[in-house]
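*Asks:* Read in my numbering, the sequence shown has 86 at position 81, and its numbers run on one by one without any break.
The structure under discussion is supplied below as structure tokens; questions concerning it will follow.
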Amino acid sequence: MATLSRYARTPRPGGSTFELLSWFYMRISGLLLALIVTFHLLWMHYAIGLDNINFEVIAGRWTDPQWGTAWRTFDLFLLLFALSHGMNGVRFVVEDYIHHPGWRVAVKTLLALLLFALLVMGAYVIFTFNG
């Protein structure tokens, strides 16, 4: 005869792999953003100086023959992580506060389209800028 254990294993709540990866991405992207933004702020505020930041400084940074590609790539990663981290956070809020499935899908679709459009526009500016 089987006996019931007082400490029976409770079933784990179900969830999708996407949600788990999305939750994990928030932690990783937040950490990377903290590092990237810290470097960006230190460089812009102390290495260049706030009084010296203008169009010519940014144009010179992006068109520099030696470091231009590295700065553009750095700025692209800053854009990518900031936008995707922010949109993922908004997606979490949508999951919590919009309960109707149709509205939830509509809002998340609009967020995905907005993310795509902003990333394309940002990447276009970063990589087609001529100074």
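We put the CB at the ideal spot given by N, CA and C, even for glycine.
Can you have a look at TRP67 and say buried or exposed, based on whether 16 or more other CB atoms are within 10 angstroms of its CB?
*Replies:* Here residue 67 corresponds to residue number 62 of the sequence shown, with the count starting at 1. Looking at its Cβ environment, which holds 16 or more other Cβ atoms inside 10 Å, TRP67 is buried.
*Asks:* Cutting at 8 angstroms between CB atoms, please list the residues of its own chain near ARG109, excluding the five before and the five after it.
*Replies:* Here residue 109 is taken as the residue at index 104 of the sequence shown, counted from 1. For ARG109, where only same-chain residues beyond five positions count, the Cβ hits under 8 angstroms are VAL99, GLU100 and ILE103.
*Asks:* Can you grab the Cα-Cα spacing for the pair PHE60 / ALA117, in whole Å?
*Replies:* For the purposes of this step, residue 60 is taken as residue 55 along the sequence shown, with counting starting at 1. For the purposes of this step, residue 117 is taken as residue 112 along the sequence shown, with counting starting at 1. Answer to the nearest angstrom: the Cα atoms are 31 angstroms apart.
*Asks:* Within 10 angstroms of the Cβ of PHE132, are there 16 or more other Cβ atoms? Answer buried if so, exposed if not.
*Replies:* On the sequence shown, position 127 is the one that residue 132 refers to. So PHE132 ends up on the exposed side.
*Asks:* For the alpha helix (DSSP H) that contains ILE158, what are its first and last residues?
*Replies:* For the chain, the structure presents residues 6 to 136; residue 158 sits outside this window and is missing.
*Asks:* Could you give the DSSP three-state label for ILE63: helix, strand or coil?
*Replies:* Taking the first residue of the sequence shown as position 1, residue 63 is located at position 58. Correct three-state label for ILE63: helix.
*Asks:* For ARG96, which residues in the same chain have their Cβ closer than 7 angstroms to its Cβ, ignoring the five residues on either side in sequence?
*Replies:* Residue numbering aside, residue 96 sits at position 91 when the sequence shown is read from its first letter. Taken in chain order, the residues that qualify are LYS113 and LEU116.
*Asks:* Helix, strand or coil: which one does DSSP assign to TRP72?
*Replies:* One-based indexing of the sequence shown puts residue 72 at position 67. Of the three classes helix, strand and coil, the one that applies to TRP72 here is coil, per DSSP.
*Asks:* Determine, using beta carbons only, whether GLY136 and ALA52 come nearer to each other than 8 angstroms.
*Replies:* Position 131 of the sequence shown holds residue 136. Position 47 of the sequence shown holds residue 52. Result no, Cβ atoms of GLY136 and ALA52 do not sit closer than 8 angstroms.
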